[in-house]
Amino acid sequence: MISIRRWINVFIPMIISLIIMLLWIFFIKETDFPGLKDVLNSIITFSSIVIGFYTAMYGVIVTIVQGSSRNIFEKMHEMNLENTFKFQLYFSLIISFLALTLSIIMQTRLLKNDLQILIFYIWLLIAVMLFIVSGTTMTFLIKLIFHREQKPRKKTKIQQ
Numbered sequence: 000m001i002s003i004r005r006w007i008n009v010f011i012p013m014i015i016s017l018i019i020m021l022l023w024i025f026f027i028k029e030t031d032f033p034g035l036k037d038v039l040n041s042i043i044t045f046s047s048i049v050i051g052f053y054t055a056m057y058g059v060i061v062t063i064v065q066g067s068s069r070n071i072f073e074k075m076h077e078m079n080l081e082n083t084f085k086f087q088l089y090f091s092l093i094i095s096f097l098a099l100t101l102s103i104i105m106q107t108r109l110l111k112n113d114l115q116i117l118i119f120y121i122w123l124l125i126a127v128m129l130f131i132v133s134g135t136t137m138t139f140l141i142k143l144i145f146h147r148e149q150k151p152r153k154k155t156k157i158q159q
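Using numbering that gives the first Met the number 0, the letters of the sequence shown correspond one by one to residues 0 to 159.
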């Protein structure tokens with residue numbers, strides 16, 4: 000059964016992206032504008048950095064946790080995050096690669112008008128999702144790295 004957390008991780012970014020895309024369709028209506036090439040370059044750079052960050056961060060997490068007395072998978076199991084971790088990794092990488100691929104396709108301008116408009120709106124949807132999902136994944140990784148076991152507090156006696 001799919002957890003509620005997983006549904007939230009997929010549908011919240013998708014709903015926000017759809018809202019932004021619909022606002023663009025009804026109010027802005029432009030699919031080719033000055034500066035689009037710079038935006039595409041920025042998305043290509045950002046998605047490449049995100050892909051590299053994920054690759055490096057997962058290696059760092061494994062190294063850090065292997066240095067401790069416990070395995071990363073034991074730690075994730077205790078936090079009940081095994082499936083979420085795997086899903087978030089795959090989902091983030093898929094969105095990053097889709098944004099990268101669509102940005103490159105749009106940058107080449109080999110598409111015909113109708114297809115170019117369709118690709119633009121799909122790209123807009125994926126690009127917004129990229130930012131949301133990347134933020135979620137990076138927050139998740141940082142929480143995993145800095146998670147500490149809660150130690151019981153010592154009770155202090157008040158002296159009179």
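Even for Gly, the Cβ is constructed at its ideal location relative to N, Cα and C.
query: Using a Cβ-Cβ cutoff of less than 7 Å, which residues in the same chain neighbour residue 101 once the five nearest sequence positions on both sides are dropped?; result: 118, 121, 122, 125
query: Could you pull the start and end residues of the alpha helix (DSSP H) that residue 23 belongs to?; result: Per DSSP, residue 23 belongs to no alpha helix (DSSP H) and is neither H nor E.
query: By Cβ distance, which residues of its chain are closer than 6 Å to residue 53, with the 5 residues on each side in sequence left out?; result: none
query: Looking at the secondary structure, which residues open and close the alpha helix (DSSP H) in which residue 117 lies?; result: 112-145
query: Can you have a look at residue 133 and say buried or exposed, based on whether 16 or more other CB atoms are within 10 angstroms of its CB?; result: buried
query: Got a sec? Which residues, its chain only, sit under 7 Å from residue 98 by beta carbon, not counting five neighbours each side?; result: 42, 46, 125, 126, 129
query: Verify whether the separation of the beta carbon atoms of residue 145 and residue 87 is less than 8 Å.; result: no
query: What's the call for residue 33, buried or exposed, on a 16-neighbour Cβ count within 10 Å?; result: exposed
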